[in-house]
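As structure tokens, the structure follows; a few thoughts come after it.
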Amino acid sequence: MAFISSGYNPDKPMENRITDIGPQKYDKFYPPVIAKNKGKWLYHEIIKPGVLVHVAESGDEVYTVRCGGARLMTVTHIREICEIADKYCGGYVRWTTRNNVEFMVDDKAKCDALITDLEGRKFDGGSFKLPIGGTGAGVTNIIHTQGWIHCHTPATDASGPVKATLDELFSDFQNHRLPAQLRVSLACCLNMCGAVHCSDIAILGYHRKPPLLDHEYLDKMCEIPLAIAACPTAAVKPSKVTVGDKEVKSVAVNEDRCMFCGNCYTMCPSMPLADQEGDGIVLMVGGKVSNRISMPKFSKVVVAFIPNEPPRWGTTTATIKRIVEAYAAGANKYERLGDWAERIGWERFFDKCELEFTHHLIDDFRDPAYYTWRQSTQFKF
Amino acid sequence: MAFISSGYNPDKPMENRITDIGPQKYDKFYPPVIAKNKGKWLYHEIIKPGVLVHVAESGDEVYTVRCGGARLMTVTHIREICEIADKYCGGYVRWTTRNNVEFMVDDKAKCDALITDLEGRKFDGGSFKLPIGGTGAGVTNIIHTQGWIHCHTPATDASGPVKATLDELFSDFQNHRLPAQLRVSLACCLNMCGAVHCSDIAILGYHRKPPLLDHEYLDKMCEIPLAIAACPTAAVKPSKVTVGDKEVKSVAVNEDRCMFCGNCYTMCPSMPLADQEGDGIVLMVGGKVSNRISMPKFSKVVVAFIPNEPPRWGTTTATIKRIVEAYAAGANKYERLGDWAERIGWERFFDKCELEFTHHLIDDFRDPAYYTWRQSTQFKF
Amino acid sequence: MAKHATPLLDQLESGPWPSFVSDLKQEAASRAKNANNVEFQVPQDCVEDLLGVLELSYKHGVTHWKHGGIVGVFGYGGGVIGRYCDQPQEFPGVAHFHTMRINQPGGKFYTTEFLKNLCDLWEFRGSGVTNMHGSTGDIIFIGTSTPQLEEIFYELTHKFDQDLGGSGSNLRTPSDCIGAARCEYACYDTQAICYELTQEYQDELHRPAFPYKFKFKFDGCPNCCVASIARADISFVGTWRDDIKIDQEAVAGYVGGEFAPNAGAHSGRDWGAFDIQKEVIDLCPSQCMKYEGGKLAINTKECTRCMHCINVMPRALHIGDDRGCSMLVGAKAPILDGAQMGSLLVPFIKVEEPYDEIKEVIEAIWDWWMEEGKNRERLGELIKRQGFQKLLEMTNIKPVPQHVQEPRHNPYIFWKEDEVPGGWTRDINKFRERHQR
Amino acid sequence: MAKHATPLLDQLESGPWPSFVSDLKQEAASRAKNANNVEFQVPQDCVEDLLGVLELSYKHGVTHWKHGGIVGVFGYGGGVIGRYCDQPQEFPGVAHFHTMRINQPGGKFYTTEFLKNLCDLWEFRGSGVTNMHGSTGDIIFIGTSTPQLEEIFYELTHKFDQDLGGSGSNLRTPSDCIGAARCEYACYDTQAICYELTQEYQDELHRPAFPYKFKFKFDGCPNCCVASIARADISFVGTWRDDIKIDQEAVAGYVGGEFAPNAGAHSGRDWGAFDIQKEVIDLCPSQCMKYEGGKLAINTKECTRCMHCINVMPRALHIGDDRGCSMLVGAKAPILDGAQMGSLLVPFIKVEEPYDEIKEVIEAIWDWWMEEGKNRERLGELIKRQGFQKLLEMTNIKPVPQHVQEPRHNPYIFWKEDEVPGGWTRDINKFRERHQR
């Protein structure tokens with residue numbers, strides 16, 4: 002494995018340096034039918050789950066076949082996607098915000114062959130490479146974060162629980178039977194790189210043990226004032242600790258004030274939180290970002306903790322399935338999960354989803370907590 | 002004016018002392034028809050504004066004539082009320098929570114003479130002594146606090162603005178034309194002895210100048226630590242001040258953090274806030290305490306300031322009248338003022354009531370303020 | 041002739057609404073005339089001076105009353121509020137002008153005999169000016185001198201079997217709605233429990249031992265006529281658990297226009313014919329009603345007992361028979377830390393003598409608040425500060441979804457050590473075996 | 041034969057959903073085979089080791105990745121995130137395994153040519169493992185070594201005319217929805233402004249000078265497909281001010297069952313015949329629609345542009361012509377101080393080149409935030425801390441009722457001295473002339 006230079010000269014980093022050029026310009030990558038009809042689309046239709054047609058003022062049509070994919074993707078897999086796009090789509094392809102791959106053709110005739118091709122592609126292990134779906138009143142791809150595969154602060158894995166959940170919900174990825182779209186998201190810790198806090202169902206990794214303190218190394222590896230300042234509840238204080246026969250500077254944690262957010266660990270690697278028994282999943286439901294009918298809203302915590310159960314997170318996926326089925330059975334057409342829960346009342350939601358209500362679900366974070374308690378005699382027994 | 006002893010012996014305060022006996026027992030004061038039918042009422046009807054009939058399972062009826070009254074009442078006036086009650090009501094009378102007087106008779110025949118009598122009673126100045134009304138979808142008596150007549154912290158008068166407002170709204174005290182009941186309340190400072198914060202319309206006295214500091218006397222008249230602790234925004238700090246040639250202990254006020262609540266003055270009389278130009282009226286609207294249809298809700302500030310205009314507070318009463326008329330014109334049957342404002346949107350409320358929106362109306366008090374900003378693209382232009 | 045000219049106040053004598061100025065003037069005249077030769081124990085012209093000082097406030101745009109000093113009756117820490125004029129030379133009749141709170145009777149029912157006795161006493165030993173009633177509910181005697189306080193208390197207790205109300209950091213005078221006495225909506229006897237708890241907690245009412253004030257208010261139904269949900273530290277709101285009773289014939293009466301909707305409350309305007317679908321069914325907040333084939337049906341399980349349908353058709357619909365109350369806690373006005381509505385603590389509890397279960401909840405709350413509450417911290421603020429969970433823990437009440445309007449949207453759960461397998465004590469060296477630095 | 045046994049991960053190969061494990065395995069096999077004789081610049085078996093370390097995490101229930109050190113490319117403060125394995129001896133192929141963020145193109149449209157070039161580069165100089173795409177929007181290259189960072193950057197910029205994205209306390213890579221490119225709902229050209237602002241603010245994107253991260257996201261309409269309202273410090277959401285355009289014939293087509301409602305989104309269940317009253321008119325949040333006599337009417341003045349009716353009948357209803365966007369500010373995930381949605385700052389602004397008015401708002405916000413923001417304080421938290429009024433003041437935007445969902449319910453107005461006649465300086469002695477102590 003010999004080092005091969007790109008042309009970059011480490012001794013003269015500024016030589017021929019190109020910077021601040023930004024991304025490629027978007028319109029270089031538009032398929033011709035898109036470039037021609039941009040801004041002049043009339044309407045669209047979902048022909049069947051995963052297959053859309055958009056009709057332009059010009060009469061042009063573009064057919065889109067939407068496929069789910071793991072957002073973790075190798076170059077081998079991307080090359081295969083390119084091969085398909087070259088074969089059917091004139092060398093164009095796009096991704097959606099929710100990690101779906103979209104193949105576009107400008108003729109219905111081309112569509113069928115494309116679909117047949119896609120449906121036939123499977124990994125050696127048996128799973129679909131590019132399952133078609135993710136449209137309309139169904140479940141689309143789960144957006145997620147890195148998890149155990151590449152993150153240093155996760156409280157759960159990402160790709161694994163997502164795969165397991167989408168296996169469980171797969172029929173709804175390929176069907177339009179739900180009352181409305183249902184967006185599932187996963188963030189592997191509450192830093193929420195994925196901003197899952199406004200999802201119909203959010204799977205959230207959560208720690209439950211305060212940081213371990215690696216006193217011997219803490220002052221060497223961390224800037225103690227930054228670790229202290231990082232704590233949102235002021236639970237971290239400076240302290241002196243005897244390690245062996247030496248007194249070292251370190252920190253102390255008021256464990257009763259710790260909410261396990263891991264901000265201290267982000268600032269200081271000598272304060273790890275992760276723990277096999279402590280870590281697991283929080284389920285939140287009922288959020289949305291669309292302004293359709295009701296205003297955007299945050300997801301609410303409805304299951305305080307489910308242990309991590311690798312490799313398939315059985316309790317988590319079964320609980321999600323139960324919520325989805327209750328929603329499918331109970332909600333009105335067009336009604337998002339959160340709107341349904343609000344209409345029937347959260348007390349009824351817990352009944353219908355067979356979820357236990359525990360004290361953890363009552364807000365106790367700062368002043369606004371008050372607004373979530375029930376200030377009315379209107380409730381259902 | 003000779004001192005006449007009750008029998009109390011100041012040298013022996015415990016002699017024959019009777020304490021902790023509480024109020025008179027309620028049922029000693031029930032009119033016979035009430036005592037007989039208590040807990041067995043079937044239904045009621047408002048025969049006309051201010052006149053109700055309640056029908057019991059026994060077939061008994063009780064007719065109630067409700068009269069407005071200033072809550073500030075002299076013994077001369079109370080004796081006149083007693084005289085009426087003796088004449089028509091067998092010596093019974095009651096007050097309502099909102100300072101109305103209720104005369105009850107057990108026969109419709111007795112009712113008419115009573116009404117005629119009440120309608121004829123006027124003060125020398127020309128106002129009604131006991132105007133009949135205050136029921137149904139109208140305006141009832143205004144609950145209020147003491148104001149300038151007996152309170153040490155008011156930012157406005159109470160009895161005066163209430164009289165002026167009820168003169169303006171008098172026809173709605175005697176009519177049922179509004180979409181729903183409309184509760185008006187007044188508190189002469191934001192201590193809100195009257196808890197006006199959940200009223201359809203709340204008239205609130207408000208200071209706008211930070212406390213004056215009577216440095217020379219402050220340490221003598223006040224416990225400085227209590228004054229400091231009383232400030233909800235931590236704007237009061239200890240300080241040393243030179244008065245004449247002496248250095249005295251006193252306090253300093255961070256005026257930018259002062260919200261003029263007067264808590265410091267409550268603890269320390271050397272920190273008065275009242276000021277003719279600074280003090281005036283805040284109008285709040287849309288609150289309710291009933292759980293009917295919608296949940297109870299707080300009133301919202303819609304006019305940040307109206308100067309005190311004694312004796313008749315013309316701008317205040319005209320603004321209230323404008324709000325009432327806009328509500329009467331726009332709301333649906335059964336719809337309370339706050340529910341109307343929420344249905345049409347507050348942006349439309351300001352239009353319809355011809356009120357100016359100013360920066361003062363945007364919440365900036367602590368974390369929950371955020372929840373009142375608009376987190377949606379749903380709004381009306 | 042009036043002692044002080046009151047050109048500004050005089051302008052408040054016109055207009056239809058009862059003029060408090062006219063009333064004060066008639067009282068001043070009555071005292072001046074003194075037809076019954078009363079031996080006034082406070083200045084005969086005090087009402088004149090009260091008008092005078094108020095006129096001065098109308099001119100100056102500010103109050104002329106000072107802070108009260110500590111005045112009261114022996115052994116009580118409340119019930120009397122000191123009040124002094126800041127212009128005593130000009131208005132000597134009101135130089136000292138204290139307030140007394142008299143504990144009102146339940147439902148504010150009176151015999152004229154009792155009232156006339158109070159009037160005689162107050163004319164004799166005070167200004168003759170009252171509030172009927174103060175915001176909390178008491179009869180307020182406005183204006184007497186320090187020496188008269190014990191005299192008035194003595195006469196009240198000895199002659200009229202009547203005690204003072206509360207003020208300061210104690211249990212404030214409990215108050216109630218008219219309830220079962222004359223209202224078909226009452227789900228429990230507000231007056232009975234109000235009286236019982238007032239008597240039971242006389243010590244708490246008269247002797248300030250709390251961090252701050254504490255209020256009980258009793259509403260017989262969710263219409264909340266005494267606004268307990270907005271202002272009581274513990275609010276008792278009547279409710280029921282079984283079916284709303286439906287008289288289908290009476291429903292037909294409303295639909296047919298025989299009965300006016302909402303007991304005639306909308307008689308001042310032509311709203312058109314009553315439309316049960318639009319006015320009742322469609323406005324039901326839980327959409328639990330149907331009107332089909334001339335029959336009204338209510339799905340009790342989904343009903344949230346908002347009272348609207350009952351209010352609209354009081355002849356046809358009646359509250360259920362399995363009655364009790366919901367207890368909500370922590371309501372308060374904005375000062376100091378923002379307003380609070382009461383938060384639901386006990387969804388349903390029977391309201392029956394001797395009220396032991398209710399007293400248990402009250403006393404558990406007080407124990408916690410007296411232990412943990414800071415000076416001038418209302419219960420609601422303590423709940424906010426320590427969390428609703430803590431309240432549940434201290435009152436030994438199981439968390440149920442009814443406690444929340446919605447579950448938390450932040451995931452910041454403060455787990456306790458005993459809830460987490462293995463606890464929190466871990467060994468960094470063991471951790472480092474698997475995770476190098 | 042795999043380098044590491046992965047019995048746990050193997051269980052994630054079954055089931056219908058694409059298995060990332062199968063994909064990683066095929067990549068590992070491809071690298072082992074190396075059919076094209078690539079001179080791998082990072083360990084050939086790094087994907088094997090990646091599977092190995094992940095398997096270990098599945099066994100241990102915790103991650104085996106350590107904090108990154110400070111790695112990057114010369115002159116940039118973001119775009120690269122250092123990552124190290126905490127078991128480097130066991131998994132040397134991933135001992136150093138850094139992430140690079142590649143600024144994705146607008147709308148995430150690609151030519152296969154461009155993608156294949158990226159694949160070749162990344163197979164050669166990295167692990168060949170990516171995220172398509174990261175949460176913010178970038179293409180994520182997962183796993184390379186420190187010496188390769190400059191090489192990759194050099195090749196990206198020189199060969200592919202392609203820059204890195206943002207990370208750290210700077211402008212994060214802006215992202216957009218598909219917008220006008222293929223959506224009839226787009227109220228402005230999301231890709232055009234996203235590109236323009238990305239280029240304009242390259243310095244802010246690459247060189248951290250902010251208190252914390254800052255995100256722009258561009259949604260073409262209120263359906264908010266890129267969730268800008270939940271996660272962008274400035275969220276640009278398309279909207280319009282004039283009438284929704286109605287094609288009455290197409291409305292009739294929906295009513296008559298000719299067209300499937302909501303573009304066929306509900307085809308998986310029999311919801312019965314389309315009922316325009318129930319499914320559109322009654323669900324309109326502002327109740328501004330009517331369907332009478334076969335005609336649909338919308339009262340534009342009362343419309344809040346929620347998109348529901350347009351979503352349900354995309355052939356019949358079209359967004360208006362007076363188009364632009366609303367700007368909302370301050371959205372963020374829960375860390376540190378609780379989640380925020382974007383709060384409406386600019387109700388309507390035209391989105392037209394050269395976007396000067398929009399840039400003025402952006403730069404006024406940055407000036408304020410860079411002056412006043414604390415370390416790691418997001419814009420939303422600053423707005424909370426200093427108040428929405430302050431934001432209006434700093435951006436010179438007039439307060440309008442559209443800024444609030446409801447006016448404040450607390451009356452705690454912080455008046456400023458210049459708003460109060462006479463100011464705040466008063467003379468205690470003058471006060472005492474009227475008010476004795």
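Residue numbers (our numbering), protein chains in the order written: chain L, 2 to 382; chain Y, 2 to 382; chain A, 41 to 477; chain Z, 41 to 477. Think of the CB as a built atom: it goes at the ideal place given N, C-alpha and C, for glycine as much as any other residue. Please read these numbers as outputs of a predicted model, since none were measured by experiment.
Compare the C-beta of residue i against all C-beta atoms of chain L and say whether one is closer than 8 Å.
{"i": "residue 348 (chain Z)", "result": "yes"}
{"i": "residue 143 (chain Z)", "result": "yes"}
{"i": "residue 9 (chain Y)", "result": "no"}
Got a sec, what are the start and stop residues for the alpha helix (DSSP H) residue i sits in?
{"i": "residue 53 (chain Y)", "result": "Element bounds for residue 53 (chain Y): not the alpha helix (DSSP H) but the beta strand (DSSP E), 52-57."}
{"i": "residue 268 (chain A)", "result": "268-271"}
{"i": "residue 187 (chain A)", "result": "186-200"}
{"i": "residue 331 (chain Y)", "result": "315-331"}
{"i": "residue 331 (chain Z)", "result": "First-last for residue 331 (chain Z): 329-332, but that is the beta strand (DSSP E), not the alpha helix (DSSP H)."}
{"i": "residue 156 (chain Z)", "result": "152-165"}
Could you give the distance in angstroms between the alpha-carbon of residue i and the alpha-carbon of residue j?
{"i": "residue 342 (chain L)", "j": "residue 381 (chain Z)", "result": "20 Å"}
{"i": "residue 107 (chain A)", "j": "residue 202 (chain A)", "result": "28 Å"}
{"i": "residue 103 (chain A)", "j": "residue 128 (chain A)", "result": "14 Å"}
{"i": "residue 386 (chain A)", "j": "residue 10 (chain Y)", "result": "48 Å"}
{"i": "residue 283 (chain A)", "j": "residue 186 (chain L)", "result": "42 Å"}
{"i": "residue 345 (chain Z)", "j": "residue 297 (chain L)", "result": "14 Å"}
{"i": "residue 305 (chain Z)", "j": "residue 322 (chain Z)", "result": "19 Å"}
{"i": "residue 2 (chain Y)", "j": "residue 218 (chain A)", "result": "42 Å"}
Along the chain, where does the beta strand (DSSP E) that runs through residue i open and close?
{"i": "residue 278 (chain Z)", "result": "274-280"}
{"i": "residue 42 (chain L)", "result": "42-49"}
Quick one: does residue i have its CB under 8 Å from some CB of chain Y?
{"i": "residue 368 (chain L)", "result": "yes"}
{"i": "residue 297 (chain L)", "result": "yes"}
Could you name the residues of chain Z that residue i contacts, counting a contact when the two beta carbons are closer than 7 Å?
{"i": "residue 445 (chain A)", "result": "Within 7 Å Cβ-Cβ: nothing; residue 445 (chain A) doesn't reach chain Z, min ~16 Å."}
{"i": "residue 127 (chain L)", "result": "53, 54"}
Say whether chain Z places a C-beta atom closer than 8 Å to the C-beta of residue i.
{"i": "residue 211 (chain Y)", "result": "yes"}
Answer yes or no: does any C-beta atom of chain A fall closer than 8 Å to that of residue i?
{"i": "residue 361 (chain L)", "result": "yes"}
So which residues of chain Y does residue i contact, with C-beta pairs closer than 9 Å?
{"i": "residue 292 (chain L)", "result": "377, 378, 379"}
Output, in chain order, the set of chain A residues within a Cβ distance shorter than 9 Å of residue i.
{"i": "residue 449 (chain Z)", "result": "374, 378, 379"}
{"i": "residue 191 (chain Y)", "result": "373, 374, 375"}
How close, in whole Å, do the beta carbons of residue i and residue j come, if the pair is a contact with beta carbons under 8 Å?
{"i": "residue 222 (chain A)", "j": "residue 106 (chain Y)", "result": "Actually they do not touch by this definition, with Cβ atoms about 13 Å apart."}
Which chain L residues are close to residue i, counting only those with a beta carbon under 7 Å from its beta carbon?
{"i": "residue 107 (chain Z)", "result": "153, 270"}
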